[in-house]
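J.:
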Amino acid sequence: MTRIGRRLRGWTNGVLDLPQDVLQEMPRITLIGNKELYIENHRGVLHFSSEQLRLALAKGYLEISGEGLVIRNILGQELAVEGIIGEIRYRESGENP
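Just so you know, we're using full-length UniProt numbering here: the sequence shown kicks off at 1 and counts up by one.
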């Protein structure tokens, strides 16, 4: 990132007081027990089955594995998953699966 980009990001952090997940394009993950999962700031579904969900992120991808997974809804960059969530794994771009 350029020096001007870093300065601009620092300025917007201070002035606008925006959450880090929005400014840095990070996913926001909310897990309720092991039954419900809400993910914001994703870039689309790469793979889905009842045992695995893989989502594209700005800088990598997110893998969710479990049993009986069902996508309850997708609204823009938000997604809700139900089922038995067994594992959530974040992988950066270029990392081997």
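Note that CB positions come from ideal geometry on N, CA and C, so glycine has one too.
Between which residues of its own chain and residue 89 is the CB-CB distance below 6 Å, once the five residues before and five after are set aside?
T.: In the sequence shown, the residue the question calls residue 89 occupies position 89. Contacts found: 63.
J.: Quick test of your reading: residue 81 and residue 72, contact by CB under 8 Å. State the CB separation rounded to the nearest angstrom.
T.: In the sequence shown, residue 81 corresponds to position 81, counting from 1. In the sequence shown, residue 72 corresponds to position 72, counting from 1. At roughly 7 Å, the Cβ-Cβ gap stays under 8 Å, so residue 81 and residue 72 are in contact.
J.: Between the beta-carbon of residue 31 and the beta-carbon of residue 85, is there less than 8 Å?
T.: To locate residue 31, count along the sequence shown from 1; it is residue 31. To locate residue 85, count along the sequence shown from 1; it is residue 85. Taking 8 Å as the Cβ cut-off, residue 31 and residue 85 qualify as a contacting pair.
J.: Buried or exposed for residue 4, please, with buried defined as at least 16 other CB atoms from any protein chain shown within 10 angstroms of its CB.
T.: Locating residue 4 in the sequence shown gives position 4, where the first residue counts as 1. Exposed: under 16 other Cβ atoms inside 10 Å.
J.: Counting only the same chain and skipping the five closest in sequence on each side, list residues whose C-beta sits under 6 Å from that of residue 70.
T.: Within the sequence shown, the letter at position 70 stands for residue 70. The residues are 82 and 83.
J.: Hey, residue 55 and residue 29 are a contact pair by Cβ (cut 8 Å); roughly how many whole angstroms apart?
T.: For the purposes of this step, residue 55 is taken as the residue at position 55 of the sequence shown. For the purposes of this step, residue 29 is taken as the residue at position 29 of the sequence shown. Not quite, the Cβ-Cβ distance comes to about 10 Å (not below 8 Å), so this is no contact.
J.: If you reduce the DSSP assignment to three classes, tell me which class residue 3 lands in.
T.: Taking the sequence shown and counting its residues from 1, one reaches residue 3 at position 3. Note: residue 3 maps to helix in three-state DSSP.
J.: From residue 98 to residue 60, what does the alpha carbon distance come to, in whole angstroms?
T.: This structure cannot speak to residue 98, because the chain is shown only from 1 to 97.
J.: Would you call the CB atoms of residue 67 and residue 41 closer than 8 Å?
T.: Working through the sequence shown from its first residue, we reach residue 67 at position 67. Working through the sequence shown from its first residue, we reach residue 41 at position 41. Going by C-beta atoms, residue 67 is not nearer than 8 Å to residue 41.
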